[in-house]
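Numbering (my numbering), first residue to last: 9 to 335.
Structure follows, in structure tokens:
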């Protein structure tokens with residue numbers, strides 16, 4: 009059912025991959041008849057209007073309590089206590105066969121690291137969710153630390169509500185290292201042992217190499233030279249969303265992000281014909297999300313293709329040369 013107070017708009021028409029005219033409808037309050045619900049406000053106010061057991065996938069990256077402009081830094085205990093009611097609502101709206109992907113990094117105080125995924129795990133278990141994977145997302149760029157090793161990974165906790173859940177491996181397979189490998193014994197001796205579509209990407213999402221001479225694939229974090237970069241300081245890439253959607257939803261599902269930032273989850277959902285429900289308190293980020301939706305509808309949104317090889321330096325680039333001062 010739609011909300012009587014919901015404002016619905018149709019984003020400018022563009023072309024999709026089939027070169028047909030496409031329209032994307034956007035509402036600012038919960039409404040089941042639109043492509044995107046983009047709520048500007050506290051996610052609790054949105055969640056209370058969503059029916060129980062109605063969302064197929066929840067994927068989000070909550071504030072890390074590190075003092076970014078969109079959050080108020082507080083004690084770790086207070087931070088976790090404030091988010092727990094949100095988690096309770098997320099569990100309520102999640103479908104029985106659905107998945108919840110909670111992407112977090114570390115909270116750092118006075119140089120000491122507090123791994124947020126470990127703290128959140130205890131909360132999710134209190135709601136009887138079942139952890140299917142603790143996914144390590146590794147990337148190559150970030151701040152350089154002086155008194156500890158530089159952090160180059162974050163984690164995605166993938167929970168399900170029950171034992172019967174959606175998991176589609178084929179759409180997210182990656183190239184096999186030895187595609188010609190065969191069974192060496194048993195009834196299948198001599199037969200190919202791999203899958204022609206590739207192998208399971210595993211629970212470490214970073215690098216796939218076939219040979220020393222091949223290029224490397226990964227999901228880079230969104231820094232200054234990333235085509236998707238906006239003014240959001242902790243934006244996560246659409247590729248990360250895509251892999252979760254492809255593996256953990258069936259067609260025409262509903263994807264929810266209670267902390268949507270500049271809408272990476274929304275764009276990922278639209279790419280794969282899913283409905284998106286999202287909340288964001290910062291009106292500037294909501295405006296950026298609307299702009300990104302419009303550009304997507306027009307086929308003009310810069311996006312990094314899923315599985316694209318990352319740049320491999322040739323050694324000839326000026327910045328790759330050994331500085332004269334170091335020789």
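Beta carbons: idealized from backbone N, C-alpha and C, even for Gly. Source: prediction; values computed, not measured.
Close beta carbons around residue i, own chain, < 7 Å, minus the five adjacent residues each side
| i | result |
| --- | --- |
| residue 42 | 16, 33, 34, 35 |
| residue 124 | 72, 112, 113, 114, 115 |
| residue 206 | 181, 182, 183, 184 |
| residue 48 | 36, 288, 291, 294 |
| residue 221 | Caution applies to residue 221, whose pLDDT of 40 falls short of 50 and renders its modelled position unreliable; the value that the coordinates give is listed next. Nothing listed; no residue qualifies. |
| residue 190 | 198, 199, 200, 201 |
| residue 108 | 66, 98, 102, 137, 167 |
| residue 50 | 289 |
Endpoints, the alpha helix (DSSP H) within which residue i is located
| i | result |
| --- | --- |
| residue 247 | 246-256 |
| residue 129 | 124-134 |
| residue 300 | 291-305 |
| residue 275 | 272-279 |
Rounded distance between the beta-carbons of residue j and residue i, thought under 8 Å
| i | j | result |
| --- | --- | --- |
| residue 67 | residue 265 | 6 Å |
| residue 63 | residue 262 | 5 Å |
| residue 61 | residue 94 | In fact, because the Cβ distance is near 17 Å, the residues do not count as touching under 8 Å. |
| residue 350 | residue 122 | Any question about residue 350 goes unanswered here, given that the chain covers just 9 to 335. |
| residue 311 | residue 246 | 6 Å |
| residue 155 | residue 119 | 6 Å |
Range covered by the beta strand (DSSP E) that runs through residue i
| i | result |
| --- | --- |
| residue 265 | 262-265 |
| residue 308 | Unbroken run through residue 308: none, as it is neither H nor E. |
| residue 286 | 283-288 |
| residue 141 | 138-146 |
Pair within 8 Å by beta-carbon distance, residue i and residue j
| i | j | result |
| --- | --- | --- |
| residue 54 | residue 298 | no |
| residue 161 | residue 146 | yes |
| residue 6 | residue 276 | Because residue 6 is not part of the residues shown, which for the chain are 9 to 335, the question remains open. |
| residue 279 | residue 250 | yes |
| residue 44 | residue 274 | yes |
| residue 257 | residue 173 | no |
| residue 164 | residue 101 | no |
| residue 3 | residue 255 | Because the chain is modelled from 9 through 335, residue 3 falls outside the range shown and cannot be assessed. |
| residue 281 | residue 260 | yes |
| residue 244 | residue 272 | yes |
| residue 135 | residue 96 | yes |
Proximal residues to residue i (C-beta, below 8 Å), its chain only, five neighbours per side dropped
| i | result |
| --- | --- |
| residue 88 | 127, 128, 131 |
| residue 211 | 141, 142, 143, 144 |
| residue 103 | 61, 62, 63, 64, 169 |
| residue 192 | none |
| residue 179 | 254, 255 |
| residue 209 | 180, 181, 182, 216, 251 |
| residue 90 | 82 |
| residue 56 | 97 |
Close Cβ partners of residue i (< 6 Å) along its chain, the five nearest in sequence each way excluded
| i | result |
| --- | --- |
| residue 140 | 166, 168 |
What are the uninterrupted segments assigned as beta strand (DSSP E) that are 3 or more residues long and contained completely in the region 85-114, given in chain order? 102-112
What runs of the beta strand (DSSP E), each 3 residues or longer, lie entirely inside the region 159-219? 161-168
List, from N- to C-terminal side, the alpha helix (DSSP H) runs of 4 residues or more that fit wholly inside the region 42-69. 51-55
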